[in-house]
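In our numbering, the protein residues as written are 21 to 304. The C-beta atom is built at its ideal place from N, Cα and C for all residues, glycine as well. Working notes for the structure below.
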């Protein structure tokens with residue numbers, strides 16, 4: 021009997037996809053056929069001799085679709101002062117490396133790629149001398165010392181955790197004057213009782229509220245909000261997600277406790293207006 025494997029893994033083995041993440045994207049888009057039938061599940065078991073066809077090969081050479089999220093944020097923020105060129109960067113929640121790929125092509129000097137998973141980073145990035153891989157690492161536990169010193173720029177695409185819980189560790193790794201571009205995912209900020217059907221946060225007012233909550237927490241850590249923009253690509257199930265542009269202006273609170281134990285100041289009106297504008301301009 022022929023050996024069998026998950027369809028997403030088999031696509032990678034056959035060289036039809038660069039990573040399992042890209043394989044899942046191809047499957048979700050209906051671009052993969054197994055025995056002539058369009059496949060719908062990445063977990064489908066297939067034999068190594070089963071005919072598998074990618075009907076519309078992906079010509080996008082980024083490490084993952086997620087690269088386009090960061091590209092959208094940089095398009096909005098680079099004209100206003102964000103710079104990647106020559107910077108030492110941290111990619112929090114690197115996964116297969118979409119954000120890391122963007123940083124390197126934008127001239128980053130080096131990237132600390134941190135992820136709780138193992139072996140997900142695409143091979144071309146794993147073998148790039150400018151990339152330092154920190155697998156099996158919870159972002160909440162990192163320190164500047166553990167990643168070789170403070171960084172000049174942080175990007176982050178984290179799931180299944182509130183960004184407010186991660187910001188203290190990220191802020192401690194960022195040099196004063198440095199920038200952070202974390203993604204705020206409302207579906208992981210509002211609490212299970214406020215997420216709509218299908219795990220989607222549909223209420224624009226609720227989205228604005230949680231982005232403001234993250235911005236307020238950032239302020240206690242010495243991170244000033246300089247910009248807000250909706251991600252050009254939706255998250256899982258169509259969730260609208262947002263990038264904050266934060267700049268470290270001081271060291272912030274010295275509390276060693278969780279972010280929600282620190283007194284959170286009211287949000288500045290100009291920041292609130294930026295958030296409302298980003299929600300209004302973003303996808304419905």
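Exposed unless 16 or more other CB atoms sit within 10 angstroms - verdict on residue i
i, result
"residue 225", "exposed"
"residue 205", "buried"
"residue 116", "buried"
"residue 140", "buried"
"residue 135", "buried"
"residue 265", "buried"
"residue 82", "buried"
"residue 277", "Residue placement at residue 277 is poorly supported in this model, since its pLDDT is 47, which falls under 50; the coordinates are not used for a value here."
"residue 158", "exposed"
"residue 142", "buried"
"residue 310", "Beyond the ends of the chain as shown, which are 21 and 304, falls residue 310; an answer cannot be given."
"residue 55", "exposed"
"residue 343", "For residue 343 there is no data in the structure shown, the boundaries of the chain being 21 and 304."
"residue 148", "buried"
"residue 84", "buried"
"residue 163", "exposed"
"residue 179", "exposed"
"residue 317", "In the structure displayed, the chain extends from 21 to 304; residue 317 sits before or after that span and is not available."
"residue 99", "exposed"
"residue 239", "buried"
Whole-number beta carbon distance between residue j and residue i, since they are thought to touch under 8 angstroms
i, j, result
"residue 230", "residue 209", "4 angstroms"
"residue 131", "residue 111", "6 angstroms"
"residue 234", "residue 184", "6 angstroms"
"residue 300", "residue 249", "With a Cβ gap of about 12 angstroms, residue 300 and residue 249 do not count as contacting."
"residue 90", "residue 122", "5 angstroms"
"residue 114", "residue 133", "4 angstroms"
"residue 287", "residue 236", "5 angstroms"
"residue 172", "residue 192", "Not confirmed; about 14 angstroms, so no contact."
"residue 43", "residue 23", "Contact flag wrong, Cβ pair sits at about 18 angstroms."
CA nearest to the CA of residue i, picked from the options
i, options, result
"residue 60", "28, 69, 134, 193", "28"
"residue 255", "35, 64, 76, 86", "86"
"residue 66", "166, 219, 32", "32"
"residue 223", "99, 128, 303", "303"
"residue 95", "169, 145, 201, 108", "201"
"residue 269", "242, 292, 252, 251", "242"
"residue 177", "253, 228, 291", "253"
"residue 125", "143, 172, 104", "104"
"residue 165", "145, 190, 179", "190"
"residue 106", "219, 198, 289", "198"
"residue 292", "267, 258, 247", "247"
"residue 75", "37, 93, 211", "37"
"residue 50", "34, 109, 72, 89", "72"
"residue 26", "64, 211, 40", "64"
"residue 207", "175, 257, 40", "257"
"residue 109", "211, 162, 153, 175", "175"
"residue 39", "294, 146, 56", "146"
"residue 68", "168, 30, 137, 221", "30"
"residue 119", "259, 34, 203", "203"
"residue 220", "259, 167, 169", "259"
"residue 227", "53, 294, 34, 290", "294"
Residue range of the unbroken alpha helix (DSSP H) whose run includes residue i
i, result
"residue 187", "183–193"
"residue 210", "Premise fails: residue 210 is in no alpha helix (DSSP H) and is neither H nor E."
"residue 300", "289–301"
"residue 33", "27–33"
"residue 43", "40–48"
"residue 67", "That residue, residue 67, is in no alpha helix (DSSP H); its beta strand (DSSP E) goes 65–67."
"residue 180", "No alpha helix (DSSP H) holds residue 180; DSSP gives it neither H nor E."
"residue 92", "87–97"
Span of the beta strand (DSSP E) around residue i
i, result
"residue 265", "262–268"
"residue 73", "72–74"
"residue 53", "52–54"
Checklist entry - Fully enclosed by the segment 100–172, which beta strand (DSSP E) runs are 3 residues long or longer? => result 108–112, 130–134, 151–154
Item to check | Complete runs of the alpha helix (DSSP H) confined to the segment 221–250 [at least 4 residues] | outcome: 224–240
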